[in-house]
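Take the sequence shown: its letter number 57 is residue 397 in my numbering, and every next letter is one higher.
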Amino acid sequence: IVLSDVERAKVNAWLLVIDSEGLAVDVAVAGRKFTGDKVAEAIKSTELESKVKHRILIIPGKAARISGEVEDTTKWRVVVGPMDSSEIGKWLEKNWTPEKIKELMEGAA
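Next comes the structure, spelled out in structure tokens:
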């Protein structure tokens, strides 16, 4: 579903997929299937650092409560994205501008 929403929005992005054992994001967070450690493992196993020029992760809005944990564990800047992936296109238009990216990158330094 997320992939089709990203493609529909014509977004050029990397998706970092965490195995939530089939659980929805909010349930996976509550059940500790979506954690900072799992995100860190996925970053390492996919070699994401070599694929992007920044260290900024956009996590689902329903995972907002673990944003600090993800940031502490991964050492990447974490931005809370939309509550639903169908909103990703509009969210990126508003929140992923060159100015905001620069601000995020400077804040991560």
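Virtual Cβ for every residue (Gly too), placed ideally from N, Cα, C.
To the nearest angstrom, report how far apart residue i and residue j are at their CA atoms.
i: residue 354; j: residue 344; result: 13 Å
i: residue 377; j: residue 347; result: 28 Å
i: residue 352; j: residue 391; result: 13 Å
i: residue 395; j: residue 407; result: 14 Å
i: residue 372; j: residue 380; result: 14 Å
i: residue 368; j: residue 444; result: 27 Å
i: residue 438; j: residue 432; result: 11 Å
i: residue 374; j: residue 426; result: 20 Å
Starting from residue i, follow its DSSP beta bridges and name the residues at the other end.
i: residue 342; result: For residue 342, which the question treats as bridged, DSSP gives no partner whatsoever.
i: residue 418; result: 397
Taking C-beta to C-beta, are residue i and residue j nearer than 8 Å?
i: residue 400; j: residue 365; result: yes
i: residue 447; j: residue 349; result: no
i: residue 441; j: residue 414; result: no
i: residue 417; j: residue 409; result: no
i: residue 356; j: residue 388; result: yes
Can you have a look at residue i and say buried or exposed, based on whether 16 or more other CB atoms are within 10 angstroms of its CB?
i: residue 385; result: exposed
i: residue 341; result: exposed
i: residue 403; result: buried
i: residue 370; result: exposed
i: residue 420; result: buried
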